[in-house]
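Peer 1:
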Amino acid sequence: MQQAQALESHPAQEQRATIEHRVEQGFALAVETALLIEIDEDLESRLGLLGQSRPIGILEQ
Numbered sequence: 212m213q214q215a216q217a218l219e220s221h222p223a224q225e226q227r228a229t230i231e232h233r234v235e236q237g238f239a240l241a242v243e244t245a246l247l248i249e250i251d252e253d254l255e256s257r258l259g260l261l262g263q264s265r266p267i268g269i270l271e272q
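Numbering of the sequence shown is given in my numbering, commencing with residue 212 and proceeding in unit increments.
Set out below in structure tokens:
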């Protein structure tokens, strides 16, 4: 009986570990994104480009 209960909870434990891992990855990506935005804003202000629009790409006609 105990073995059957252990087997039943095993997939749930794996699913929880997977979800926790994905949450940690998401948090790490959010932190990295925030740092990249901060770096970009710092570079723009240092170059005096803050507030000026920058071309994202050239459109082909």
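Think of the CB as a built atom: it goes at the ideal place given N, C-alpha and C, for glycine as much as any other residue.
Quick one: what does DSSP say residue 259 is sitting in, helix, strand or coil?
Peer 2: coil
Peer 1: Could you tell me the distance, in whole angstroms, from the CA atom of residue 234 to the CA atom of residue 224?
Peer 2: In a straight line, the C-alpha of residue 234 is about 15 Å away from that of residue 224.
Peer 1: Output the distance between the C-alpha atoms of residue 227 and residue 253, rounded to the nearest integer angstrom.
Peer 2: 39 Å
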